Amino acid sequence: MNINTLITDEHISFYRENGFVKVENMLTGEELEQLRDYLEEAMHTESSRSVQTDKQGGLYYRVLNQKVNTWRDHAGMGKFSFHERFAQSALALTGSEEIRFFHDHGLWKMPNDSKPTPWHQDTPYWPINEAEKGMMSIWIALDDVNEQNGCMAFVPKSHKVGKLTSIDLANPQNIFDYVEGGQLNDQKPVVVPLKAGSCTFHNGLTFHYAHANVTDRPRRALAIIYMPDGITYSGKAHVITDELGLEKDQALKGPLFPLLAKRNT
Ligand code: SIN
Ligand code: NI
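Take 1 as the starting number for the sequence shown in full-length UniProt numbering and just add one per residue.
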């Protein structure tokens with residue numbers, strides 16, 4: 001057992017070897033109910049503080065009804081976006097000195113004409129210089145998820161192929177075409193159904209996918225993006241950093257990117 005009560009040595013070695021790991025029961029039953037209520041309210045709040053990626057009827061909306069930085073619309077979301085248990089888990093899995101918050105996403109995969117989330121890596125979208133430093137996400141299921149309603153799948157060891165290209169999620173290229181030298185030929189995708197309140201963590205370089213939602217209810221999830229120590233701004237356009245007046249190559253820290261967990265020395 002490591003620095004928190006949920007992450008075991010098995011989780012850590014699986015994560016480092018494969019680039020993702022499933023952790024069951026990350027939320028208590030009470031937390032799950034509260035988070036469902038808060039996220040429901042946040043997703044229905046209109047404001048200019050958070051970013052709604054697409055509107056109903058849009059092509060991307062069929063992939064994801066996504067709101068970025070829900071914590072800026074709903075104070076209750078702060079309890080979860082900055083939750084110590086999640087950040088301590090990220091610290092243990094990455095082995096970094098610190099974990100800082102980058103942003104959160106409400107990720108609802110809507111019913112009716114739903115499209116899968118295509119295979120992609122997250123790191124190519126982020127405005128950071130250090131692609132190989134282990135930036136990563138937690139993805140928490142707020143509903144039971146399986147292949148019918150949009151559970152995730154991961155390609156083991158794909159975080160070891162390095163940063164490729166940012167896939168257009170609404171009109172996707174095939175990310176496997178960018179892998180050189182048959183590096184992933186031996187790897188089969190692993191489908192990860194989850195119970196509500198359980199989660200996965202994935203490295204920003206790990207190939208991942210989510211099935212279309214063919215049920216009649218939204219598939220609700222919260223993702224939180226974490227930065228290990230030493231992440232700097234690349235100057236690339238990104239909704240989270242565009243209006244902040246940051247200098248290229250400066251450290252990503254400060255009030256919008258709080259320190260959440262630190263290794264005991
Ligand atoms: C999804 O929720 O469908 C995709 C999440 C991700 O790309 O990390
Ligand atoms: Ni992703």
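No residue lacks a Cβ here, since even glycine has one placed at the ideal position from N, Cα and C.
If you're wondering where the values come from, they're calculated on a predicted model, not measured in any experiment.
- If the five residues before and after I7 are omitted, its C-beta is found closer than 6 angstroms to the C-beta atoms of S89 and A92, all from its own chain and listed in chain order.
- Spatial neighbours of Q187 in its own chain (CB-CB distance under 8 angstroms, excluding positions within 5 residues in sequence) are listed in chain order as V155, P156, K157 and S158.
- In the same chain as V214, and ignoring 5 residues on each side of it, the C-beta atoms closer than 6 angstroms to its own belong to Q148, in chain order.
- Our two residues, L252 and H238, have alpha carbons roughly 13 angstroms apart in a direct line.
- Sequence-distant partners of L32 (beyond 5 residues in either direction) whose C-beta falls short of 8 angstroms from its own C-beta, in its chain, are L142, A196 and G197.
- Residue state for N185 is assigned as coil, using DSSP reduced to three classes.
- Inter-segment contact for the region 113-133 and the region 171-188 is present: three or more beta-carbon pairs are separated by less than 8 angstroms.
- Collapsing the DSSP output to three states places V155 in coil.
- Here the distance from the Cβ of D122 to the nearest heavy atom of the ligand NI is below 7 angstroms.
- Beta-bridge annotation (DSSP): S137 is paired with H202 and I225.
- Taking a C-beta distance under 8 angstroms as the contact criterion, A87 and I140 do not qualify as a contact pair.
- Placement of the Cβ of H103 at a distance of 7 angstroms or more from every heavy atom of the ligand NI is found.
- Per the C-alpha coordinates, the member of C199, D122, T206 and Q56 positioned closest to D168 is D122.
- Beyond the five residues adjoining it in sequence on each side, T232 comes within less than 6 angstroms, by CB distance, of N129, D249 and A251 in the same chain, given in chain order.
- Given a length threshold of 4 residues, each whole run of the alpha helix (DSSP H) inside the region 36-80 is given here in chain order: 59-63.
- Around the Cβ of F201, a 10 Å sphere holds 16 or more other Cβ atoms; the residue is buried.
- Bounds of the beta strand (DSSP E) holding H103 are E98 to K109.
- Between the C-alpha atoms of L59 and R263 there is a straight-line separation of about 43 angstroms.
- For A87, the three-state secondary structure derived from DSSP is helix.
- Ranked by Cα distance from S137, the first of M43, G181 and T206 is T206.
- In the displayed model, K248 falls within coil according to three-state DSSP, outside both helix and strand.
- Here DSSP, grouped into helix, strand and coil, assigns K236 to coil.
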